[in-house]
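Worksheet: one structure, shown below.
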DNA sequence: GTCGGCATGTAAGCTGTTACATGATTGA
DNA sequence: TCAATCATGTAACAGCTTACATGCCGAC
């Protein structure tokens, strides 16, 4: 379980509310960690109970009050302990690949629609990651050096999405070829 | 939940025991679906209860008896129904990227060891996927055409692992540069 | 004789999702 | 007035992992 450590990592950079953390996961950090607000709020409670976080309630006049969490010394110690542990490599369960594998049973047109839908999502993700990269590249060299490690995680997202899109090209070429074959067969009759 | 549909997909190709299915997940199909034996056996039970699978107990003289499952007509219908549904794109939670992001807090050498460990695993995966690809490419064209869709899922694995390794090159270059800088600083004193 | 492969399960616990719940403010 | 953003939570359930459990066969 590393949601707690992902949260500690975020709070190590700067204090934040649960809402802020969820926003980070939804936006820039979504390519390496995802969590819904329900899970984040529960985890924040538990991390506080264990003394790894400090919590300050902050009243706001124009917006609802919020709880701003920051990492405590024992939280930072826990994060360091965890960093020294080896991480298990990621395993993936990819429903789209199952569908493609079983694709002979599906309507050919359905597969193409589904691929196009996923392509659009991946393209959007890539675009927004590249926007973030552009911002990074416009920083002065000292600041770039400071943010080099987070930047490398961004690179993972960019290279990963490009590879996905290159794969989609192969798949779509094959599905197009199949569609043409079906057309030709229909024409023969 | 698509473990059940991943199992239906496998059984659509040929009947298999729980043990066989787990072996498939561990070997060739591991790059798109993973499940432990405990989960698979439970799911097989449930799929049988719903009438989507047929089960034949098969006695063996030299090995323990086994239960061979095959997909039923209603199972195939369910698989088709599911194939027509849109799939949610995969979200990933990658502990290694969290560690890299928080890497400023870690011992630099630890990060390099961890990256090397993961690189070795990804290289092994790539090697074995490429072996499977080689076998596919040696099939006669008609058989290749029949297995084209499963082959495309294999391509996903190959392109994905290559992208991972290309990313690892970037990361390791940066970590090596950091190590040298630390060395130089130590030398200055 | 012990280690790995074959073969199947139960039970407890943790992680993550879905559904339900509330309520203020701001912009179209 | 309707939707979106800010802000936080509870409860039930589904999915997955870990621990425990058994037993035969063949090879070294």
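Chains as they are written, first to last, in my numbering: chain A, 702 to 890; chain B, 702 to 890. The beta-carbon is built from N, C-alpha and C at its ideal position, and this holds for glycine as well. Computed from a predicted structure; not experimentally measured.
Proximal chain B residues relative to residue 872/A, where beta-carbon distance stays under 7 Å: For this step, residue 872/A is matched to residue 171 along the first chain. Residues of chain B passing the Cβ test: 853.
Candidates 755/B, 809/B and 877/B, of which the one nearest residue 777/B by Cα: Taking the second chain and counting its residues from 1, the one referred to as residue 777/B is at position 76. Checked all of 755/B, 809/B and 877/B; the closest Cα to residue 777/B is 755/B.
Beta-carbon contacts of residue 704/B that lie in its chain and below 6 Å, excluding the five residues immediately before and after: Counting from one through the second chain, the residue named residue 704/B turns up at place 3. Same-chain partners within the cutoff: 736 and 744.
Residue-chain proximity (residue 775/B, chain A), Cβ-Cβ < 8 Å: Within the second chain, numbered from 1, the residue matching residue 775/B stands at position 74. Chain A contact via Cβ: absent.
N-terminal and C-terminal residue of the beta strand (DSSP E) that residue 754/A is part of: Here the question's residue 754/A lines up with position 53 in the first chain. Segment 754-759, the beta strand (DSSP E) holding residue 754/A.
CB of residue 809/A within 8 Å of CB of residue 883/A, strictly: Here residue 809/A refers to the residue found at position 108 of the first chain. Here residue 883/A refers to the residue found at position 182 of the first chain. Cβ atoms of residue 809/A and residue 883/A: closer than 8 Å.
Residue span of the beta strand (DSSP E) that contains residue 770/A, given as start and end: Numbered from its first residue, the first chain carries residue 770/A at position 69. First-last of the beta strand (DSSP E) with residue 770/A: 767-772.
Sub-8 Å separation of residue 796/A and residue 788/B beta-carbons: Stepping through the first chain from its first residue, residue 796/A is reached at position 95. Stepping through the second chain from its first residue, residue 788/B is reached at position 87. Yes, Cβ-Cβ distance for residue 796/A and residue 788/B is below 8 Å.
Three-state class that DSSP yields for residue 887/B in the structure shown: Within the second chain, residue 887/B is the residue found at index 186, counting from 1. Helix at residue 887/B.
Neighbouring residues, chain B, relative to residue 747/A (Cβ below 9 Å): The sequence position of residue 747/A within the first chain is 46, counting from 1. Result: empty, since nearest Cβ-Cβ is about 17 Å, beyond 9 Å.
Residue 714/B versus residue 751/B: straight-line alpha-carbon distance, rounded: Here residue 714/B refers to the residue found at position 13 of the second chain. Here residue 751/B refers to the residue found at position 50 of the second chain. Computed Cα separation, rounded: 20 Å.
Proximity winner among 852/B, 889/B, 791/B and 757/B, relative to residue 804/A (alpha-carbon distances): Looking up residue 804/A in the first chain gives position 103. The shortest Cα separation from residue 804/A among 852/B, 889/B, 791/B and 757/B belongs to 852/B.
Segments assigned alpha helix (DSSP H), at least 4 residues, entirely inside the segment 766-813 of chain B: 774-785 and 796-802
Inter-stretch contact (C-beta, 8 Å, three-pair minimum) for the segment 809-820 of chain A and the segment 829-849 of chain A: no
Residue range of the alpha helix (DSSP H) that includes residue 842/B: For the purposes of this step, residue 842/B is taken as residue 141 along the second chain, with counting starting at 1. Its alpha helix (DSSP H) spans residues 842-847.
Contact with chain B by residue 782/A, beta-carbon distance below 8 Å: Sequence index remark: in the first chain, residue 782/A carries index 81 (1-based). So, not an interface residue.
For residue 753/B and residue 761/B, the rounded distance between their alpha carbons: By one-based count along the second chain, residue 761/B stands at place 60. By one-based count along the second chain, residue 753/B stands at place 52. Their backbone Cα atoms lie some 25 Å apart in a straight line.
Endpoints, the alpha helix (DSSP H) within which residue 719/A is located: Looking up residue 719/A in the first chain gives position 18. 719-727 is the span of the alpha helix (DSSP H), which, as asked, contains residue 719/A.
Chain A residues whose Cβ lies nearer than 8 Å to that of residue 828/B: Position 127 of the second chain holds residue 828/B. Within chain A, no residue comes near residue 828/B; the closest Cβ sits about 15 Å away, beyond 8 Å.
Residue 814/A beta carbon less than 8 Å from that of residue 710/B: Taking the second chain and counting its residues from 1, the one referred to as residue 710/B is at position 9. Taking the first chain and counting its residues from 1, the one referred to as residue 814/A is at position 113. No, they are not a contact pair.
Simplified DSSP state of residue 702/B, which is helix, strand or coil: Position 1 of the second chain, counted from the start, is the residue given in the question as residue 702/B. Note: residue 702/B maps to coil in three-state DSSP.
Beta-carbon proximity of residue 801/A to residue 850/B, cut-off 8 Å: Locating residue 801/A in the first chain gives position 100, counting from the first residue. Locating residue 850/B in the second chain gives position 149, counting from the first residue. Contact: yes.
Residue 873/B and residue 816/B closer than 8 Å at C-beta: Here residue 873/B refers to the residue found at position 172 when the second chain is read from its first residue. Here residue 816/B refers to the residue found at position 115 when the second chain is read from its first residue. Yes, they are a contact pair.
From 847/B, 741/B and 727/B, residue whose alpha carbon lies closest to that of residue 708/B: The residue labelled residue 708/B in the question sits at position 7 within the second chain. Of the candidates 847/B, 741/B and 727/B, the one whose C-alpha sits nearest the C-alpha of residue 708/B is 741/B.
Residues near residue 823/A in its chain [Cβ-Cβ closer than 8 Å; skip 5 each side]: As a first step, residue 823/A must be located in the first chain, where it is residue number 122. Closer than 8 Å at Cβ, skipping near neighbours: 862, 865, 866 and 869.
Residue 772/B beta carbon near the ligand SAM (any heavy atom closer than 7 Å): Absent from the structure shown: the ligand SAM. Ligands present: none.
Cβ neighbours of residue 827/A in the same chain (closer than 6 Å, five flanking residues each side left out): Locating residue 827/A in the first chain gives position 126, counting from the first residue. Within the same chain, residue 827/A has close Cβ partners 862.
Chain-ordered neighbours of residue 822/A on chain B, where CB pairs are closer than 7 Å: Taking the first residue of the first chain as 1, we reach residue 822/A at position 121. Simply 790.
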